[in-house]
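Chain order of the listed sequences is A and B.
Numbered according to my numbering, the first sequence terminates at residue 334, and the numbering increases by one at each position without gaps.
Numbered according to my numbering, the second sequence terminates at residue 902, and the numbering increases by one at each position without gaps.
Heads up: the structure comes next, in structure tokens.
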Amino acid sequence: MLSIKNIHASVEGKEILRGINLDLQPGEVHAIMGPNGSGKSTLASVLAGREEYEVTQGSVDFLGKNILELSPEDRAREGLFLAFQYPVEIPGVSTTNFIKTALNEKRKYHGLPPLDAVSFMKLMKEKMNLVEIDKSLLTRSINEGFSGGEKKKNEIFQMAMLEPRLTILDETDSGLDIDALRIVANGVNKLRNENRAIIVITHYQRLLDYLQPDFVHVLLNGKIVKSGTKELALELEEKGYDFIKDQFSLSEAV
Amino acid sequence: MEKINLEYFGEKFNQLQTIDPDNFLSAVRKEGFYNFNKKGLPTYKNEEWRYTSVSDLFKKEYRLTEDELKTEISKSQIDEMRLPGWENANELVFANGKYVPELSTIRSSKEELIILPLEEAANGVYKDLINEHLGKSALFINDAIHALNTSFIFGGVFIYAVKGQLIQNPIYLYHISDATENHILSQPRSLVFADKSSKLKLVETFKTIGTMDSFTNEVLEVVVNSNAILEYYKIQNDGTNGSHVGTTHIRQIGKSYAHTVVVTLDGGMIRNNTNIIMEAAGNEAHMYGLYLLNGNSHVDNHTLVDNRMPNCFSNELYKGVMDGRSTGVFSGKIFVRPDAQKTNAYQTNNNILLSENATVNTKPQLEIFADDVKCSHGCTVGRLDEEALFYLRARGISKELAQAMLLKAFAQNVIEQIKIEPLREYAEQMIAARLAD
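Spelled out as structure tokens, the structure:
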């Protein structure tokens, strides 16, 4: 469903991604790990369509469309969802109104009528229970004054409401305590099904303990240098990134 | 280039003075005209007019005397400018700056609210109040534009909120300028007195009909006595051929409460002076402003809070969004006089520029002559928050809609200060429509 081919991307003239290749099938969960500055979040930004990132080479095919040609909103409407590493606080815009607008914009794009108030509230209630988010958060302005955990829960709640085909979790585990991490991970697990793919970007093993990825990729200097199954993540956790760096610099040298 | 010719003002002034040369209003006018001639039109060298040029407005000749201003405004033309909530409002119509009782509707009882033509009031039981309070604003606004209004005081109203009356029905002042055939100078000049323990809500709006130019030069003097509550709203959404210099001069002469909101959505050249004079200890004032500009509109909001007595509180929040080639100006002056110990005075001005050709000048001016005070000011000028915009777009919301949502949110804490509900809803709708452009 997603095919990333030889993506090169730079920001302010500095090349950060240097030839990424990745294929995802529906239902799969892929983890992307790597040290700081390896390009993990850049990959997420490029996929979601942040304009300050310039893609200089390569293509991204998502459900048969070259999404690099689409605006961020059209990518979202096609079914791509980025759970932000740092969800933005937007005072003055209510969370409920925001999600309703987003949902109806997506429906409009697909030629569907807007959801009526009753159906929308029913859907909200159902998804609120699913991701264990408190109703009071949704009446407030988007993320305003939310704790780190509440912000991430809100991301997962939005994911539940928008039902994307592909979700990118960009360091969703950062800044979460153990309880919040468990709730967020449970939310994600409940949303998994055979039609949906997930990319989990993370530094650490602990989120992966909950999510059990099908594949693990290691990103280093803008390239995927090693891919494997979830055992690779355990190995990284044990040995640190240095062992990959050593291997990689060795193979580069050869 | 057209020359500025001010000669005709003299002729017309003399003509007006012959009507009733000995009455109080004539004396006020006389002093006004003396000041008008003495000051001369302000140029950018005058600090108060640095960012707003009015001299261009004087390159054309206006009609301004009573005979010249006579116009037939139809009921349907009034209907078009009626503001929501009018069913419960006292509606006062001013055609070319002059009060038209026949087109006006007073819904409050005479026991709570008195509305009289200014000339009638100046010769009747309210004579003393008028002698005491009309024209005091000249002490604070010492320029030719203000003096020009004073030179031609006639046809205004006197509004008196009776002692102890919490007047439910707001007063809507509709200012309509008929520039169908000529350039029109409308100069409304009214006096409002909110007596002790009364509550009064005033709403002003402006409209130009016709395609010639209209220039409204308004002075509204408002006196607030002890324990009174004043709410004042100004909604500006006139066409670009309507220029406006409006002074709302509020004197809190007893410990009282004032709340002002000035919303500007459209217009040509606009200058709003909103002044609060703290003449009694313990006064409280809240001042809000929102300007959403486009095209070539120019809006200059000047505020003054003059703390002359101790223990007064004031808070100002002005917000602006400039698009196209529009220009915004905010100048906020706070005086704390030597006697005004324990003053709390706060001021904030936030601006968003949506276009590279839009400009804003923001200038806080605090002059503090007392040592035990709390004053703060802050201003920001920036673009729309790109992170927030991306966040909304990443959820499938179009760029245009996302931008409108963010601007609406930006404006929200000013708009929610409109306490007359139908008026607030109206302002919200107007803003939504503007942002959807």
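A virtual CB, placed ideally from N, CA and C, is assigned to each residue, including glycine.
Could you have a look at B/A554 and say whether DSSP puts it in helix, strand or coil?
B/A554 falls in the coil class under three-state DSSP.
Please go through the same chain and pick out, in chain order, the residues whose beta-carbon is closer than 6 Å to the beta-carbon of B/E669, but skip the five residues on each side of it.
If we look at B/E669 and ignore the five residues flanking it on each side, its Cβ neighbours are L638 and K699.
Exposed or buried, which one is B/R528 when buried takes at least 16 other CB atoms within 10 Å?
By the 10 Å Cβ count, B/R528 comes out buried.
Please compile the residues from chain B whose C-beta is within a distance smaller than 8 Å of the C-beta of A/R98.
Correct list: empty, because the minimum Cβ distance to chain B is about 24 Å.
Note the first and the last residue of the continuous alpha helix (DSSP H) segment covering A/V211.
Taken as a continuous stretch (DSSP letters only), the alpha helix (DSSP H) holding A/V211 covers A197 to V211.
Leaving out the 5 sequence neighbours to the left and right, which residues in its chain are closer than 6 Å to A/D141 when beta-carbon positions are compared?
Closer than 6 Å at Cβ, skipping near neighbours: S83.
List, in order along the chain, the chain A residues whose C-beta lies closer than 7 Å to that of B/I862?
By Cβ distance, chain A contributes E153, T181, A182 and E185.
Taking the beta strand (DSSP E) that B/E655 falls in, what are its first and last residues?
Reading the sequence as shown, one finds Ser at residue 655 of chain B and not Glu. Start and end: R654 to A659.
Is A/I170 close to chain B, meaning its C-beta is less than 7 Å from at least one C-beta of that chain?
Chain B, which has a Cβ nearer than 7 Å to the Cβ of A/I170, makes this yes.
Roughly how many whole angstroms lie between the Cα atoms of B/T673 and B/M546?
Cα to Cα, B/T673 sits roughly 10 Å from B/M546.
Determine, using beta carbons only, whether A/L249 and A/S118 come nearer to each other than 7 Å.
Against a cut-off of 7 Å, the Cβ pair of A/S118 and A/L249 comes out as no contact.
Would a C-beta distance cut-off of 7 Å place A/K303 and A/R155 closer than the cut-off?
Cβ atoms of A/K303 and A/R155: not closer than 7 Å.
On the criterion of 16 or more Cβ atoms from any shown chain inside 10 Å, does B/F834 qualify as buried, or is it exposed?
It counts as exposed.
Give me the chain A residues within the contact set of B/Y591, using Cβ-Cβ distance strictly less than 8 Å, ordered along the chain.
Within 8 Å Cβ-Cβ: nothing; B/Y591 doesn't reach chain A, min ~45 Å.
Based on the DSSP secondary-structure assignment, which residues constitute the bridge partners of A/L249?
Paired residue(s): A/A163 and A/V280.
How about B/L888 and B/G629: do their beta carbons lie closer than 7 Å?
Cβ distance not < 7 Å, so B/L888 and B/G629 don't count as in contact.
Do you know how far the Cα of B/S691 is from the Cα of B/K525?
Computed Cα separation, rounded: 44 Å.
For B/R572, which residues in the same chain have their Cβ closer than 6 Å to its Cβ, ignoring the five residues on either side in sequence?
Correct list, in chain order: N555 and N634.
Please say whether B/V764 and B/G793 have beta carbons closer to each other than 7 Å?
The answer is yes: Cβ separation under 7 Å.
Tell me the rounded alpha-carbon separation between A/I170 and A/F226.
Roughly 11 Å separates the two Cα atoms.
Could you please tell me which residues of the stretch 237-258 of chain A, in chain order, have their CB closer than 8 Å to any CB of chain B?
So the list reads Q238 and L242, given in the order they occur along the chain.
What separation, rounded to the nearest whole angstrom, lies between the Cα atoms of B/Q868 and B/I579?
Whole-angstrom Cα-Cα distance: 46 Å.
Find the nearest neighbour of B/E646 within the set B/F671, B/E851, B/V519 and B/G675, judged by alpha-carbon distance.
The shortest Cα separation from B/E646 among B/F671, B/E851, B/V519 and B/G675 belongs to B/G675.
In the stretch 867-892 of chain B, which residues sit with their C-beta less than 9 Å from some C-beta in chain A, listed in chain order?
If the cut-off is 9 Å between Cβ atoms, the stretch 867-892 of chain B has A867, M870, L871, K873, A874, F875, A876, Q877 and N878 near chain A.
Can you name the start and end residues of the beta strand (DSSP E) that B/S708 belongs to?
Counting along the chain, the beta strand (DSSP E) containing B/S708 begins and ends at G707 to Q717.
Any chance the stretch 308-315 of chain A sits against the stretch 116-132 of chain A, with 3 or more Cβ pairs inside 8 Å?
They do not touch, by the three-pair rule.
By how many angstroms is the C-alpha of A/M239 removed from the C-alpha of B/T862?
Note on identity: in this sequence residue 862 of chain B is Ile, with Thr being the wrong assignment. Approximately 14 Å between the Cα atoms of the pair.
Would you mind giving the Cβ-Cβ distance between B/A903 and B/D608, rounded to the nearest angstrom? I have them listed as a contact below 8 Å.
Outside the shown range of chain B, which is 466 to 902, sits residue 903 of chain B, and nothing can be said about it.
Starting from the C-beta of A/K270, find all residues in its chain whose C-beta is less than 6 Å away, skip the five residues before and the five after it, and write them out in chain order.
Same-chain partners within the cutoff: L210.
Between B/Y811, B/L831 and B/A659, which lies nearest to B/V688 when the distance is taken from Cα to Cα?
Considering only alpha carbons, the answer is B/A659.
Between the Cα of B/G600 and those of B/L490, B/I624 and B/K592, spot the shortest distance and give me the residue it belongs to.
Out of B/L490, B/I624 and B/K592, B/L490 has the C-alpha closest to the C-alpha of B/G600.
So is A/V173 in contact with chain B if we call contact Cβ pairs under 7 Å?
Yes - at least one Cβ of chain B is within 7 Å of the one on A/V173.
Would you identify the three-state DSSP class for B/Y516, choosing helix, strand or coil?
Looking at B/Y516 - three-state DSSP - the assignment turns out to be coil, as it is neither helix nor strand.
Per DSSP, which one or two residues make a beta bridge with B/M752?
B/T725 and B/E781.
Show which residues of chain B have a CB atom less than 8 Å away from the CB atom of A/F164.
In chain order: Y856 and A859.
Do you know whose CA, among B/A723, B/D850 and B/K540, lies nearest B/S779's CA?
With distances taken between Cα atoms, B/S779 lies closest to B/A723.
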